[in-house]
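Colleague:
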């Protein structure tokens, strides 16, 4: 398959949108339920604690600068074991993406279009995502660049006008919970922000990023900025809504938009939240569908992934409509079922890739962290990987 390329800046934006996504709406609720009023600082600790996983992915990418994820797996584990690992990887986006679509449909039905059937909402949304993925990574990456202005503008507006409403008294007393609760909250944050997305980015990075070195910097910057945005969302949820309200509000981010009051003339600016949520969630789902389509195409050795986009998108819509029958099932999958997938596929699989690759490089007396090489000069082309995998 011909590989289209994106810039490091576009990669940064895709990381930012993907990691924020639904987390901006739900993460304050999850963290305050585990750490109560101390939930506001969990994103900062989680950002530091999750950085090694980012560096691990960057190291793997440095080893294989021009290879796809399937090629990496085949080189590390062998031809057929690598393909089986690729099939295992597919369980992560195929099962989690419908859950996110279900959440999106529920959010829209609850807050914007209560009379519109759920299946119509997610079908129309999926149609736009399918179109974006069909057009290719260059197209939706450029669209992400255009949307960044609206995203940051709405975010800055919220931050400025929520500051007067913040009451720092709500973050006291400090460290009231048991240490196990804080550890649980930090691990949850790491799993949902980077654990569920790290291996997905190996579909794009480093193969589809033009400047590999700047791509590594973009990866780290995107991760840090996303964590800081989630910190802001959680901080305002605690200091504006109060911890008690945040713990019982499923969409704290939506409730925050209702607290803005500018001179008793401009109130209830939910439309700005819709912009932030829709933009981030759209690109999050685009990455999921793109990752599934590319991986399936490489496993079956298809020449182009595009013929697979529509049927895979239809499957995701069907799963979103049937995967969770009620809010209880959705809650259980979000906190328990998805965590198993994230730990096994999002954390343990990259860790196994790193350990096997590390042993191979030590055995072959190759540098553990090699220098950047150009695409032509690199010895890690896709053809070489396939040859070595055999």
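In the working numbering, the protein residues as written are 11 to 400. Every residue gets a Cβ at the ideal spot worked out from N, C-alpha and C, and that includes glycine.
1) So residue 171 and residue 270 are in contact, right, with Cβ under 8 angstroms, and what is the actual spacing, rounded?
2) Check this for me: beta carbons of residue 120 and residue 261, under 9 angstroms apart or not?
3) If you compare alpha carbons, which of 296, 98, 79 is closest to residue 144?
4) Where DSSP assigns a beta bridge to residue 327, which residues make up the other side?
5) Hey, how far is the Cα of residue 58 from the Cα of residue 201?
6) When you compare each of 240, 382, 79 to residue 303 by their alpha carbons, which one comes out closest?
7) Tell me whether residue 372, by its Cβ, gets closer than 8 angstroms to a heavy atom of the ligand SAH.
8) Using C-beta distances below 6 angstroms, list every residue in its chain close to residue 42, excluding the 5 sequence neighbours before and after it, in chain order.
9) Which word fits residue 6, buried or exposed, when buried means at least 16 other C-beta atoms lie within 10 angstroms of its C-beta?
10) Going straight from the alpha carbon of residue 194 to that of residue 312, what length do you get?
11) Would you mind sorting residue 179 into buried or exposed? The rule is 16 or more other CB atoms within 10 Å of its CB.
12) What's the call for residue 30, buried or exposed, on a 16-neighbour Cβ count within 10 Å?
13) Using alpha carbons as the reference points, say which of 370, 334, 309, 315 lies closest to residue 97.
14) Beta carbon of residue 289, beta carbon of residue 161: below 9 angstroms?
15) Using only the alpha-carbon positions, how far apart do residue 239 and residue 216 sit?
16) The alpha helix (DSSP H) with residue 286 in it runs from where to where?
17) With C-beta atoms as the reference, is residue 356 less than 9 angstroms away from residue 102?
18) Less than 8 angstroms between the CB atoms is what I'm expecting for residue 34 and residue 263, so what's the real figure, rounded?
Modeller: Once the coordinates are examined:
1) Here residue 171 is taken as the residue at index 161 of the chain shown, counted from 1. Here residue 270 is taken as the residue at index 260 of the chain shown, counted from 1. The Cβ separation is near 5 angstroms, so the contact holds.
2) For the purposes of this step, residue 120 is identified with residue 110 of the chain shown, where counting begins at 1. For the purposes of this step, residue 261 is identified with residue 251 of the chain shown, where counting begins at 1. It is a contact, given that the beta carbons lie within the stated cut-off.
3) Residue mapping note: residue 144 aligns to position 134 of the chain shown, counting from 1. Taking only the C-alpha atoms, the option nearest residue 144 is 296.
4) On the chain shown, position 317 is the one that residue 327 refers to. The partner list for residue 327 (beta bridge, DSSP) is empty, contrary to what the question assumes.
5) The residue you call residue 58 lines up with position 48 of the chain shown. The residue you call residue 201 lines up with position 191 of the chain shown. About 13 angstroms.
6) Here residue 303 corresponds to residue number 293 of the chain shown, with the count starting at 1. Cα-wise, what sits closest to residue 303 is 79.
7) Here there are no bound small molecules, and the ligand SAH is not part of this structure.
8) Working through the chain shown from its first residue, we reach residue 42 at position 32. So the list reads 49, 253, 256, 257, once near-sequence residues are dropped.
9) Absent from the model: residue 6. The displayed extent of the chain is 11 to 400, so no value can be given.
10) The count along the chain shown starts at 1 and reaches residue 194 at position 184. The count along the chain shown starts at 1 and reaches residue 312 at position 302. Cα-Cα distance, rounded: 42 angstroms.
11) Taking the first residue of the chain shown as position 1, residue 179 is located at position 169. So residue 179 ends up on the exposed side.
12) To locate residue 30, count along the chain shown from 1; it is residue 20. Residue 30 is buried by the Cβ-count criterion.
13) As a working note, residue 97 is residue 87 in the chain shown. Closest option to residue 97, Cα to Cα, is 309.
14) Here the question's residue 289 lines up with position 279 in the chain shown. Here the question's residue 161 lines up with position 151 in the chain shown. Going by C-beta atoms, residue 289 is nearer than 9 angstroms to residue 161.
15) By one-based count along the chain shown, residue 239 stands at place 229. By one-based count along the chain shown, residue 216 stands at place 206. Cα-Cα distance, rounded: 25 angstroms.
16) Walking along the chain shown from the start, residue 286 turns up at place 276. Looking at the DSSP string, the run of the alpha helix (DSSP H) that includes residue 286 is 280 to 309.
17) Taking the first residue of the chain shown as position 1, residue 356 is located at position 346. Taking the first residue of the chain shown as position 1, residue 102 is located at position 92. Closer than 9 angstroms, so yes.
18) Taking the chain shown and counting its residues from 1, one reaches residue 34 at position 24. Taking the chain shown and counting its residues from 1, one reaches residue 263 at position 253. 5 angstroms between Cβ atoms; contact.
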